[in-house]
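Notes follow once the structure below has been shown.
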Amino acid sequence: MQPLNSFVGVDVAKATLSAAAYGVRGVQDLKNDEPSIKVWLGTLPADACVAVESTGNLHLTLVRLVYESRRLVYVLNLRDVFFHAKAVGSRAKTDRKDAQLITRYLAQHCAELKPWTPATRVQDRVQELLRCRATVLSKRSSLRQALKGIEGLGGQIEAMEAKLDALLNEIDHQVYIELERDEALVRQRRLLRTITGIGPQASALFTGLLSRVPFVNANALIAFTGFDPRPTTRAARREEENCPNMATPSFAARCTCAPSRLPIARRWGRCTDLAPGFRIPQLDYALACR
75 MQPLNSFVGV DVAKATLSAA AYGVRGVQDL KNDEPSIKVW LGTLPADACV
125 AVESTGNLHL TLVRLVYESR RLVYVLNLRD VFFHAKAVGS RAKTDRKDAQ
175 LITRYLAQHC AELKPWTPAT RVQDRVQELL RCRATVLSKR SSLRQALKGI
225 EGLGGQIEAM EAKLDALLNE IDHQVYIELE RDEALVRQRR LLRTITGIGP
275 QASALFTGLL SRVPFVNANA LIAFTGFDPR PTTRAARREE ENCPNMATPS
325 FAARCTCAPS RLPIARRWGR CTDLAPGFRI PQLDYALACR
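Set out below in structure tokens:
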């Protein structure tokens, strides 16, 4: 059985870390850099378990160093910790309180959590490139809306579009080169491309995702994308509600949504014609299950 004081929760900020041990009063603050983290790790028990919330890239140095010290480290879903805070009646929202909350969550749910393991270099690189691609697409859409209808900028807008197209093509090329380094990933991507509606970007995304995350079944993958309907009971009426996106990249959701609709759209036309009053997220879920 894991000693209670070996559960350590860390709240991560850009420049600092706040660490709390279960059953120990007080919170320790340290810099979010490699030398400071290594010194701090030297003060922890050898069997310590460390948990952090997923915070973009800010937590990566910490989890890598904890993993290299041969300790278990867990990266928690922000949404899970948020609802845990509501369940225990937490009223304050500070770095120190968050560290204590993460520690309590780890102590109570450690047996159900899966330890973090590092991705391969190819997996990291592909994920980084796909994130960049999604950001470029999002910013291009914003720029189009901002520049729409403005006279005298037609030439500059066309030049910008050409540059962005060239950038997206280069990102796609780099993704292809990275995936070609691993024969298993190449075979998996080719298999995914046989699915109607799965193109180069979606196949690259799901190739990296499925090689990293051991989903139990297809429903688990659908839930990860955020198209998982959750039944709720209100008064005497039972209805289906779309489950909120669980910290899933928007690109993953789009890649699941579009291929699921495509075969049906080709055969029957508009998706909403299939079942009047049936909300689109629910329809996405039903189609993805198929």
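If you count by our numbering, then the sequence shown holds residues 75 to 364, one letter each, in order. Cβ coordinates follow ideal geometry from the N, Cα and C atoms, glycine included. This structure is a prediction, so every number in the text was calculated from the model and none was measured.
When burial is assigned at 16 or more other CB atoms within 10 Å of the CB, is residue i buried or exposed?
| i | result |
| --- | --- |
| Gly-343 | With a pLDDT of only 46 at Gly-343, under 50, the local geometry of the prediction cannot be trusted, and the value read off the model is given with reservation. Exposed, because fewer than 16 other Cβ atoms sit within 10 Å of the Cβ of Gly-343. |
| Glu-252 | buried |
| Leu-357 | Reliability of the predicted coordinates at Leu-357 is poor, the pLDDT of 47 falling under 50, and the value obtained from them is presented with this limitation in mind. It counts as buried. |
| Leu-398 | Missing from the structure shown is residue 398; the chain here goes from 75 to 364 and no further. |
| Ala-233 | exposed |
| Phe-289 | exposed |
| Leu-204 | buried |
| Ala-161 | exposed |
| Ile-224 | exposed |
| Phe-280 | buried |
| Thr-117 | exposed |
| Arg-218 | exposed |
| Phe-298 | buried |
| Ala-292 | exposed |
| Arg-99 | exposed |
Once you ignore the five residues that flank residue i on each side, which residues in its own chain have a CB closer than 8 Å to its CB?
| i | result |
| --- | --- |
| Ile-384 | For residue 384 there is no data in the structure shown, the boundaries of the chain being 75 and 364. |
| Thr-191 | Tyr-141 |
| Cys-123 | Gln-76, Ser-80, Phe-81, Val-82, Arg-145, Leu-146, Val-147, Tyr-148, Leu-180 and Cys-184 |
| Asn-106 | Val-86, Ala-87, Lys-88, Ala-89, Thr-90, Leu-91, Leu-132, Thr-135 and Leu-136 |
What residues match up with residue i in a beta bridge as DSSP calls it?
| i | result |
| --- | --- |
| Val-210 | In DSSP, Val-210 forms no bridge with anything. |
| Phe-81 | Cys-123 |
Spatial neighbours of residue i within its chain, please: C-beta separation below 6 Å, excluding the five flanking residues on both sides.
| i | result |
| --- | --- |
| Ser-92 | Asp-85, Val-101, Asp-103, Asp-169, Arg-170 and Ala-173 |
| Ser-110 | Leu-104 |
| Arg-255 | Val-196 |
| Ala-159 | Leu-175 |
| Leu-187 | Tyr-148 |
Note down the Cα distance separating residue i from residue j, rounded to an integer number of angstroms.
| i | j | result |
| --- | --- | --- |
| Ser-216 | Leu-132 | 26 Å |
| Pro-274 | Thr-90 | 39 Å |
| Ala-276 | Thr-129 | 24 Å |
| Phe-81 | Asp-239 | 48 Å |
| Ile-269 | Leu-295 | 16 Å |
| Arg-263 | Arg-286 | 14 Å |
| Lys-237 | Arg-267 | 28 Å |
| Ala-193 | Gly-229 | 43 Å |
| Glu-235 | Lys-213 | 11 Å |
| Glu-108 | Asp-198 | 20 Å |
| Ile-245 | Trp-114 | 39 Å |
What residues in its chain sit with their C-beta under 7 Å from that of residue i, if we drop five residues either side in the sequence?
| i | result |
| --- | --- |
| Leu-227 | Leu-221 |
| Val-200 | Val-249, Glu-252, Leu-253, Ala-278 and Gly-282 |
| Leu-241 | Val-210 |
| Val-137 | Val-126, Val-147, Val-149 and Trp-190 |
| Val-260 | Leu-253 and Glu-254 |
Contiguous beta strand (DSSP E) assignments of at least 3 residues, all confined to the stretch 84-120: Whole beta strand (DSSP E) segments, 3+ residues: 90-95 and 102-105.
Segments assigned alpha helix (DSSP H), at least 4 residues, entirely inside the stretch 128-184: Listed in chain order, they are 134-142, 152-161 and 169-183.
Beta strand (DSSP E) runs contained entirely in the stretch 210-297, provided each spans 3 or more residues: DSSP runs (the beta strand (DSSP E)) wholly in the stretch 210-297: none.
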